[in-house]
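Asks: Quick note on the working numbering: the sequence shown kicks off at 549 and runs consecutively.
Ideal Cβ positions, reconstructed from N, Cα and C, are used throughout, including at glycine.
Here the structure is a predicted model, which is why all the values come from computation and not from measurement.
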Amino acid sequence: CAAAERPQPAPLYLVADDAPVQRRDFYETLSHLTGSPPPVFDEDAASEGSRPRSAGLGKRCDNRRLRAELLDALEYPTWQEGLRQAVQELREQNGQ
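#1: Quick one: residues in its chain with C-beta nearer than 6 Å to the C-beta of Y575, no 5 flanking neighbours on either side, listed in chain order?
#2: Quick one: grab the DSSP three-state call for E640.
#3: Identify which residue in L562, R571, L618, R612 has its Cα closest to the Cα of E553.
#4: Suppose the cutoff is 8 Å on Cβ atoms and the five residues either side in sequence are ignored; what does the same chain contact list for L614 look like?
#5: What distance in whole Å lies between the Cβ atoms of D573 and P625, which are believed to be in contact at a cut-off of 8 Å?
#6: Once you ignore the five residues that flank L581 on each side, which residues in its own chain have a CB closer than 8 Å to its CB?
#7: Start and end of the alpha helix (DSSP H) containing A621?
#8: Work out the CA separation of S579 and R608 for me, nearest whole Å.
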């Protein structure tokens, strides 16, 4: 691992890919890749006055420090590429 090989690694590295993702996009893509039914989201909760659990969590991660200090390039630069590979590996492990 690149972090372990550095003589004095920084105390913390944020690990994130190069493409932010909305939860809906992630789960819709996952259902497509696995042939599962599309997810159902409760969009009415916010309009009924209750605050959804995910409200206010629209944070984005910045991986510039990780890229500058440890990595020339990510093996899977986007979440789509990583998710596609993860699903493929799980299928292979399960003999599908």
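Replies: The structure says:
#1: For the purposes of this step, residue 575 is taken as residue 27 along the sequence shown, with counting starting at 1. So the list reads P587, once near-sequence residues are dropped.
#2: Translated into the one-based positions of the sequence shown, residue 640 becomes position 92. DSSP places E640 in helix when its eight states are reduced to three.
#3: The sequence position of residue 553 within the sequence shown is 5, counting from 1. Answer by Cα proximity: L618.
#4: Position 66 of the sequence shown, counted from the first residue, corresponds to residue 614. Excluding positions up to five away in sequence, the list reads Y561, L562, V563, A564.
#5: Translated into positions along the sequence shown, residue 625 becomes position 77. Translated into positions along the sequence shown, residue 573 becomes position 25. In this structure P625 does not touch D573 by the C-beta definition: roughly 16 Å separates them, more than the 8 Å allowed.
#6: Looking up residue 581 in the sequence shown gives position 33. Closer than 8 Å at the Cβ level, and outside the excluded window around L581, lie L631, R632, V635.
#7: Translated into positions along the sequence shown, residue 621 becomes position 73. Unbroken run through A621: none, as it is neither H nor E.
#8: If you number the sequence shown from 1, residue 608 lands on position 60. If you number the sequence shown from 1, residue 579 lands on position 31. Taking the straight line from one Cα to the other gives about 23 Å.
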